[in-house]
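*Asks:* Encoded as structure tokens, here's the structure I'll be asking about.
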Amino acid sequence: MLSAIELTMKLVGGKWKCLILYHLGGGARRTRDLLERLGGISPKVLTEQLRQLEADGLVAREVFAEVPPRVEYRLSEEGKTFLPALYTLCDWGKAYGLRHGTATSPCPPPAE
1 MLSAIELTMK
11 LVGGKWKCLI
21 LYHLGGGARR
31 TRDLLERLGG
41 ISPKVLTEQL
51 RQLEADGLVA
61 REVFAEVPPR
71 VEYRLSEEGK
81 TFLPALYTLC
91 DWGKAYGLRH
101 GTATSPCPPP
111 AE
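Residue numbering for the sequence shown follows UniProt numbering, starting at 1 and increasing by one per position.
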């Protein structure tokens, strides 16, 4: 049996998952938009991370019947429940940066 923290880290741990969830907190995004916002993530890794988040029920994927096909990702209802914890992590990071002289930029909610 996993502890609560082990389960949490399994779901949102790693370099990219929290950042992906953060940007999806601003609304539905296409893959290209996420690639631009995240900077430094490869398309392959982004796709893998999105698939994991979708499989875990934190992200919903919508495919539109268009040519060329359009796919958008958004937070699921379950994923939205993680946002308060994510914003708390942003606040903690800002406070840590201030205490230790590490420059950080603010963590406002992501733009629509």
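Built from N, CA and C at the ideal position, the CB exists for glycine as well.
Since this is a predicted model, take the numbers as computed values, not measurements.
Are the beta-carbon atoms of L98 and L24 separated by less than 7 Å?
*Replies:* no
*Asks:* Are three or more beta carbon pairs between the region 78-85 and the region 35-43 nearer than 8 Å?
*Replies:* no
*Asks:* Quick check on the burial criterion: 16 or more other C-beta atoms within 10 angstroms. Buried or exposed for R61?
*Replies:* exposed
*Asks:* For the 8 Å Cβ check, are there 3 or more pairs between the region 82-90 and the region 12-27?
*Replies:* yes
*Asks:* Could you give the first and the last residue of the continuous beta strand (DSSP E) run that contains A55?
*Replies:* Element bounds for A55: not the beta strand (DSSP E) but the alpha helix (DSSP H), P43 to A55.
*Asks:* Do you know whose CA, among V12, L38 and L89, lies nearest Q52's CA?
*Replies:* V12
*Asks:* Leaving out five residues on either side along the sequence, give the residues of the same chain with a beta carbon under 6 Å from the beta carbon of C107.
*Replies:* C90
*Asks:* Would DSSP call A65 helix, strand or coil?
*Replies:* Looking at A65 - three-state DSSP - the assignment turns out to be coil, as it is neither helix nor strand.
*Asks:* Spatial neighbours of R37 within its chain, please: C-beta separation below 7 Å, excluding the five flanking residues on both sides.
*Replies:* H23
*Asks:* To which residues of the same chain is V63 closer than 8 Å at the C-beta, ignoring the five residues directly before and after it?
*Replies:* Beyond the five residues adjoining it in sequence on each side, V63 comes within less than 8 Å, by CB distance, of P69, R70 and V71 in the same chain, given in chain order.
*Asks:* Give the single residue among V59, L2 and M1 whose Cα lies nearest to the Cα of G27.
*Replies:* V59
*Asks:* Alpha carbon to alpha carbon, how far is R30 from D56? Give it in angstroms, no decimals.
*Replies:* 19 Å
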